Amino acid sequence: MSRADSHPSRRAFLGATGAVAATGLTAGCESPAPKPNRPPSPASTPQQVSATGRHQAGVTLPQPAQPNLLAVVADLGDAVAVGPLLAELGQAVHTCTAGTDPRLLGLPPGDLTVTIGVGPRLVRRADPSLPGAADLPRFSRERIAPQARGGDLLLQICASDPLLLPVVAAALLEQAGQRIRERWRQSGRRGPNIPVAKDISAPRNLLGFIDGIVGPHTAAEHQRHLWLTGPAPVAGGTIAVVRRMELDLPRFTALSVAEQEAVFGRRRATGAPLSGGTAAWDPNLGAKTPDGRYLVPADAHVRRANPNVVGVGLMLRRSYSTDEPTPGLLFISFQNDLRTFTNTLARMDDSDALLRFTTTTAGATFLILPGFDQQHPLGAKMFPRSR
């Protein structure tokens with residue numbers, strides 16, 4: 001079979017529509033014998049997420065985020081035409097999420113999303129003045145091998161069905177062929193979502209605390225803090241930071257619950273700040289005990305990373321816990337200004353108690369390209385098809 005025959009055609013890309021439902025099973029304590037060809041329960045069928053639109057899926061949609069993720073970071077050869085490659089990858093994303101790509105091997109796509117970003121080197125090739133052209137600075141508490149620092153291409157693959165992740169990654173890498181070289185990959189999982197406020201929920205991390213409470217949650221906040229509004233080649237995109245961190249679980253576990261809560265500045269059970277209120281409340285950083293001690297310690301994470309104190313906008317976190325190669329966290333944040341992350345971490349680097357239990361082993365930043373559709377291929381405004 002030729003390479004052209006093995007890939008979905010543009011006709012298939014333009015014509016792919018509709019959702020493919022995942023098969024589900026329901027069970028009860030004393031249910032009758034199952035009937036053949038019983039339709040799946042609607043509650044067990046993940047809703048399809050459109051791959052096309054103003055923004056790429058996998059950032060704010062779906063909500064809440066899917067429980068499984070695979071991130072693949074790769075480099076492009078110097079002579080590779082970026083525009084055609086991105087257009088092909090966008091076509092493959094569309095057919096995979098629509099369930100029409102034969103490389104899915106019959107697996108229903110469910111709520112599969114693929115989010116694609118390009119690294120600073122490629123952004124500078126297009127226009128050094130564009131957002132996303134700056135490399136991620138180095139910080140303390142890093143042990144990053146050269147292979148795990150930076151990168152030209154990010155493939156963020158998320159789904160409720162963990163079987164989809166390696167299958168979709170293989171399809172996209174096969175589509176790219178020899179034009180890209182994989183640097184590293186990391187899979188991760190999110191625990192059950194815990195309600196924080198009306199229409200807002202977040203999972204716990206491996207340290208037992210609710211992760212991702214603070215962030216832009218409304219459409220207005222997304223517009224202000226998340227999405228890029230200009231110039232035209234990047235409008236509708238965002239800036240991602242990806243960092244893989246090891247967590248020192250034995251040392252953290254050895255702390256008492258009160259000591260653990262002092263590290264975060266929040267209650268472990270509820271996520272509420274130590275200054276009082278509910279998980280959705282902003283911490284009162286000026287609140288003190290009768291003897292003059294801050295209720296939220298001076299080195300607590302919620303104080304050191306507080307956006308009002310740092311003087312930056314909000315970042316949307318879509319992080320996943322990991323267990324290989326070691327227990328840790330794949331930290332992923334989205335923001336429309338890289339300084340939202342870098343200024344925050346610079347202040348945390350100074351004296352954040354949480355960082356004493358972390359070691360970063362991989363890190364990169366990517367411009368998450370604006371959304372695409374049948375008439376506007378992925379990345380076309382930044383990288384014309386001939387480049």
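The sequence shown stops at residue 387 when you use UniProt numbering, and every number in between is there.
Built from N, CA and C at the ideal position, the CB exists for glycine as well.
All values reported here derive from a predicted model rather than from experimental measurement.
Please say whether P62 and S201 have beta carbons closer to each other than 7 angstroms?
no
DSSP puts residue 403 in a beta bridge; with which residues?
Examination of residue 403 is not possible in this model, given that the chain is present from 1 through 387 alone.
Alpha helix (DSSP H) segment containing R304, residue limits:
301 to 304
Does the beta-carbon of L76 have 16 or more other beta-carbons within 10 angstroms, so that it is buried, or is it exposed?
buried
Apply the 10 Å Cβ neighbour rule to K381 and answer buried if 16 or more other Cβ atoms are within range, or exposed otherwise.
buried
When the Cα atoms are used, what is the spatial distance from T115 to N284?
36 angstroms
Within 8 angstroms, do at least three Cβ pairs link the region 216 to 234 to the region 113 to 131?
Because the criterion of three Cβ pairs below 8 angstroms is met, the region 113 to 131 and the region 216 to 234 touch.
Between the C-alpha atoms of P137 and G106, what's the straight-line distance to the nearest angstrom?
Between the C-alpha atoms of P137 and G106 there is a straight-line separation of about 43 angstroms.
Given this structure, state the Cα-to-Cα distance separating A169 from T60, to the nearest angstrom.
21 angstroms
Please state if the CB of M245 and the CB of T360 are separated by a distance shorter than 7 angstroms.
yes
Three-state secondary structure (DSSP) at P250?
helix
On the premise that A133 lies in contact with P120, defined as a C-beta separation below 8 angstroms, what is that separation, rounded to the nearest angstrom?
5 angstroms
Can you round the beta-carbon distance between I180 and A74 to whole angstroms, since I take them to be within the 8 angstroms contact cut?
4 angstroms
Within the region 174 to 224, note down every full beta strand (DSSP E) run reaching 3 residues or more, in order along the chain.
180 to 189, 194 to 197, 200 to 202
Out of curiosity, what's the CA-to-CA distance linking V72 and L154?
6 angstroms
Hey, R347 and V296: beta-carbon distance below 7 angstroms or not?
no
Could you tell me whether the region 89 to 100 touches the region 365 to 380, where touching means 3 or more Cβ pairs closer than 8 angstroms?
yes
Determine the direct distance from the alpha carbon of D111 to that of R318, and round the result to whole angstroms.
16 angstroms
Thinking C-beta only, is F334 closer than 7 angstroms to L354?
no
Measure the C-alpha to C-alpha separation of N68 and R141 and round it to an integer number of angstroms.
Taking the straight line joining both Cα atoms gives about 27 angstroms.
Contiguous beta strand (DSSP E) assignments of at least 3 residues, all confined to the region 75 to 101:
none
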